[in-house]
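Sequence positions in the sequence shown follow the working numbering and run 5 to 525. Even for Gly, the Cβ is constructed at its ideal location relative to N, Cα and C. Quick caveat, the model's predicted, so the values are computed rather than measured.
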Amino acid sequence: MLARNRFLLLVVVGGAVLAIVSLSLQFLNLIPTTPIAEERLLQALDGGTGAGQGKSRKRVFPVLHTPDPNPVSEAYGYCNTPNRTEQAWEGHSPVDYKLLSVQVMIRHGDRYPLYYIPKTKRPAIDCTLSPSRKPSHPQLGSFISHMGQGGRGHWESTLGSVPRLPNHSACEMGELTQTGVVQHLRNGQLLRQAYKRHKLLPSDWSPRQVWVETTGKSRTLQSGLSLLYGFLPDFDWTKLTVRHQWSTLFCGSACDCPARNRYLEEEQRRQYRLRVADTELERTYADMARTLGLLTRQLRAANPIDSLLCHLCHGLPFPCVPTGDAGTGGCLTVGQFAVIRRQQLEDEVDRRRVGLYHKYAILATHPYLNRTATKMERVARGNEAGRRPRAGGEEVFTLSSAHDVTVAPLLSALGLEEAKFPRFAARVVFELWKSPATAQAQPKKGAGKGERSKAKDGELFIRVLYNGEDVTFHTTFCRSHDRHAGQPLCPLEKFLSFVRRDMFSVVNATSYQEACYRRPR
5 MLARNRFLLL
15 VVVGGAVLAI
25 VSLSLQFLNL
35 IPTTPIAEER
45 LLQALDGGTG
55 AGQGKSRKRV
65 FPVLHTPDPN
75 PVSEAYGYCN
85 TPNRTEQAWE
95 GHSPVDYKLL
105 SVQVMIRHGD
115 RYPLYYIPKT
125 KRPAIDCTLS
135 PSRKPSHPQL
145 GSFISHMGQG
155 GRGHWESTLG
165 SVPRLPNHSA
175 CEMGELTQTG
185 VVQHLRNGQL
195 LRQAYKRHKL
205 LPSDWSPRQV
215 WVETTGKSRT
225 LQSGLSLLYG
235 FLPDFDWTKL
245 TVRHQWSTLF
255 CGSACDCPAR
265 NRYLEEEQRR
275 QYRLRVADTE
285 LERTYADMAR
295 TLGLLTRQLR
305 AANPIDSLLC
315 HLCHGLPFPC
325 VPTGDAGTGG
335 CLTVGQFAVI
345 RRQQLEDEVD
355 RRRVGLYHKY
365 AILATHPYLN
375 RTATKMERVA
385 RGNEAGRRPR
395 AGGEEVFTLS
405 SAHDVTVAPL
415 LSALGLEEAK
425 FPRFAARVVF
435 ELWKSPATAQ
445 AQPKKGAGKG
455 ERSKAKDGEL
465 FIRVLYNGED
475 VTFHTTFCRS
485 HDRHAGQPLC
495 PLEKFLSFVR
505 RDMFSVVNAT
515 SYQEACYRRP
525 R
C-alpha cells in the first residue's frame, strides 16, 4: 500500500500539461524514469489502454483520465521515441473519392541540444548511424547507402555542401540523432502505406511531381531525406531537386511584414512581464543557479530545459555537480520543475486570452498557406474533366522540412490552439480530394441511343491531419461545416476563402498586404 501511495503521489506531483508557449523551445525540466515506470505511468493515465490499440477518428485531442495530466507522460509523447505502434488516418476518404495531392510540413526529428548547461557534462550521444544500434529501422542500412549517391541529385543554393547524414561520434550542438532519422523513416513508411492504394505517384514519376524544400540546417535536410526515403525507397536521385527556404517561416518572396514583427515583439514583452512578476519562479531559478554555482542570468541564457529534455528522451540521468566550485552541488529537483510548469501553464492561458501570438501566427504562416492553396488549385485544374494533362504532371507530393517555430504558428493560424506543441518529427498533412462525377440530367424520353446524360465533374475537398489525426473539423475554416449534410469532407472553397480573405479578420484586414503594411493607430 505504501508503494502504491508513493506511485500515486508521483502521478500528481507534476500537475501540468505541455503548453505551446513561445517561438523557441521552452520545454520541461523533467524527471528521468525507467521504461517500466514509464509504462506503468502511461497505463495509469490512459486507463490501462495498450499502446498498440487503435484510436477513434473523432478523438482528435485525447482526454486523459486525470484532472491534471502528468508532465512526465507528456514529455515522453514529445520525445516521440519510435518504439510504439502508431495509428495514422492519412489516406482515408469516402468510397470512390480520388486523392489528387498531398502536402506535408514536418518538424525535424530528435536532435542534440542547442544549448550547453555550464559546469555540467554534455549528454554522451553518438550521432553516427548504425543499423545495429537502437532505435533502428529495417530501411536504415539501405538509407545510409542511398545517401552516398546524393551527388547525383540537384541541390539549390548551398544545400549541396550540407551533410546528408549525421556523422559525429560525439554529437554537435543541434545535430540530428539516429533517433531523429528513424522517426522520419517511420513517418515516410506510414505515408507510403497510407497512399499506396491511391496511386498518388506513378512508378515513373516526373521531377515536377515531387517537390522537396528545407531550411539550411543539417537536421532539417536530413529529416526531409529520411522521410522521403521511407516514402519513396531508393528514389531516383537524378529526378530530385532539393530547394532551399531561407526563412524558417517558409515565406519565400513574401517575408517582409512589419506588422508581424510588431506582434512578435509585443508577444515577447507579454511573456517577459508575466515571467518577472512571478516571484516563486524567480526564487526557483535562483536556487537552481546556486546548485550549479552560476549566476541566475547565466542559467537562463543556457536554457537548461532544452538539455534536460535530451537527457530524458535518451534515457540518460540528469546532470549533477559536486559540492564546491562556488555552488552547493547536487541535482535539479522535482519541486523546481513543478514551479516552472505551473508558470508555463499560466503563460499559455494568458497567451490565448491576449491573442497576440495568434495574430503573429496568422501573418507568419500566410505565405506558406497561400502557396499550399495555389498548388491545390493548380492540381485541381489539371484534373478537370476533359482537360489534357500537363506534360510532366503537377506537384502531387510536396515535402517541407522545418522547425518547431514553423509548425507551431501554422497550428495556431489554422485555429488548432488546443494542439500540443510540435513534438520531434511532428507532421502536418494537407490532402486534396475529388468526389466522383455525378449525372447532371437524365435523357428525355424518346431520345436517341446516342444521347446520354451529362456528367457533372466531381467536387473538391480538403483534409488536414496532425500527427496522423484528422483535425479538419477543428480548424477555423471548417469548424462550422455540417459534415452530415451530404458532404462528409470539408469543401476546398472554405480553405481558399480562409487563406485569401477570412484569416485576416482577426487583425481587422482583408488581405495580407493590408494587414502587414497598415500603420498602427
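Under the three-state reduction of DSSP, which class applies to residue i: helix, strand or coil?
i              : result
tyrosine 101   : coil
alanine 519    : helix
isoleucine 148 : helix
leucine 163    : helix
isoleucine 129 : coil
lysine 424     : coil
histidine 202  : helix
serine 404     : strand
lysine 1       : The shown model of the chain, from 5 to 525, leaves out residue 1, and the question about it has no answer.
proline 524    : coil
arginine 294   : helix
glutamate 284  : helix
glutamate 435  : strand
arginine 247   : strand
histidine 158  : strand
glutamine 193  : helix
glutamine 143  : coil
arginine 111   : strand
threonine 514  : coil
threonine 410  : helix
threonine 300  : helix
alanine 48     : Caution applies to alanine 48, whose pLDDT of 33 falls short of 50 and renders its modelled position unreliable; the model cannot decide the point.
leucine 312    : helix
threonine 89   : coil
leucine 180    : strand
histidine 96   : coil
For my contact list, residue i and residue j are in at a C-beta cut-off of 8 Å; report their separation, rounded to the angstrom.
i                 : j                 : result
aspartate 310     : leucine 118       : 6 Å
valine 432        : tyrosine 470      : 6 Å
proline 206       : lysine 243        : Not a contact, Cβ separation roughly 12 Å.
isoleucine 121    : cysteine 175      : That belief does not hold up - the Cβ atoms of isoleucine 121 and cysteine 175 are roughly 15 Å apart, past 8 Å.
arginine 355      : tyrosine 361      : 5 Å
phenylalanine 434 : valine 468        : 6 Å
methionine 109    : valine 411        : 6 Å
isoleucine 379    : serine 105        : For clarity, residue 379 is lysine in the given sequence; the question names isoleucine instead. Right, the Cβ-Cβ distance comes to about 7 Å (below 8 Å), so this counts as a contact.
proline 86        : arginine 168      : About 20 Å separates the two Cβ atoms, so there is no contact after all.
threonine 181     : glycine 220       : Not really, about 19 Å apart at Cβ, beyond 8 Å.
leucine 204       : phenylalanine 401 : 6 Å
alanine 430       : phenylalanine 254 : With 8 Å as the limit, alanine 430 and phenylalanine 254 do not qualify as a contact, their Cβ atoms being about 15 Å apart.
alanine 513       : arginine 522      : 7 Å
Are residue i and residue j closer than 8 Å when you measure CB to CB?
i              : j              : result
arginine 223   : glycine 164    : no
alanine 258    : alanine 519    : no
serine 230     : histidine 172  : no
threonine 295  : valine 325     : yes
leucine 436    : isoleucine 466 : yes
glycine 95     : glutamine 213  : no
glutamate 388  : aspartate 461  : yes
serine 404     : glutamate 160  : no
tryptophan 241 : glycine 154    : yes
aspartate 474  : tryptophan 215 : no
alanine 377    : valine 511     : no
cysteine 83    : leucine 312    : no
cysteine 314   : proline 492    : no
leucine 1      : lysine 123     : Since the displayed the chain opens at 5 and closes at 525, residue 1 lies outside it and no answer follows.
arginine 375   : glycine 228    : no
glutamine 143  : glycine 472    : no
proline 413    : glutamate 463  : no
serine 146     : valine 186     : no
arginine 279   : glutamine 347  : yes
Could you tell me whether any non-hydrogen atom of the ligand ADP is closer than 7 Å to the CB of residue i?
i            : result
arginine 137 : The ligand ADP is not part of the structure shown, which contains no ligands of any sort.
Less than 8 Å between CB atoms is the rule here; does residue i satisfy it with respect to chain B?
i                 : result
phenylalanine 508 : This model lacks chain B altogether, as it is built from one protein chain only.
4 or more residues per run - each alpha helix (DSSP H) lying fully within the stretch 316 to 398: Runs of the alpha helix (DSSP H) inside the stretch 316 to 398: 338 to 358, 360 to 386.
Length-filtered (4 minimum) alpha helix (DSSP H) runs lying within the stretch 460 to 512: Whole alpha helix (DSSP H) segments, 4+ residues: 496 to 504.
Stretch pair the stretch 325 to 340 + the stretch 356 to 369: three plus CB contacts closer than 8 Å: Result no; under three Cβ-Cβ pairs closer than 8 Å.
The stretch 96 to 107 in contact with the stretch 417 to 430 per 3-pair CB rule at 8 Å: Between the stretch 96 to 107 and the stretch 417 to 430 there are fewer than three inter-stretch CB-CB distances shorter than 8 Å, so the stretches are not counted as touching.
3-residue-minimum beta strand (DSSP E) runs that sit fully inside the stretch 209 to 241, ordered along the chain: With a minimum length of 3 residues, the continuous beta strand (DSSP E) runs that stay inside the stretch 209 to 241 are 214 to 218.
Contact between the stretch 223 to 239 and the stretch 187 to 205 (3+ Cβ pairs under 8 Å): In this structure the stretch 223 to 239 lies against the stretch 187 to 205, because at least three pairs of beta carbons, one per stretch, are closer than 8 Å.
At least three beta-carbon pairs within less than 8 Å, the stretch 340 to 357 to the stretch 284 to 301: Three or more beta-carbon pairs separated by less than 8 Å link the stretch 340 to 357 to the stretch 284 to 301, which places the two stretches in contact.
At least 3 beta-carbon pairs within less than 8 Å: the stretch 313 to 328 vs the stretch 264 to 280: Verdict: no, contact absent.
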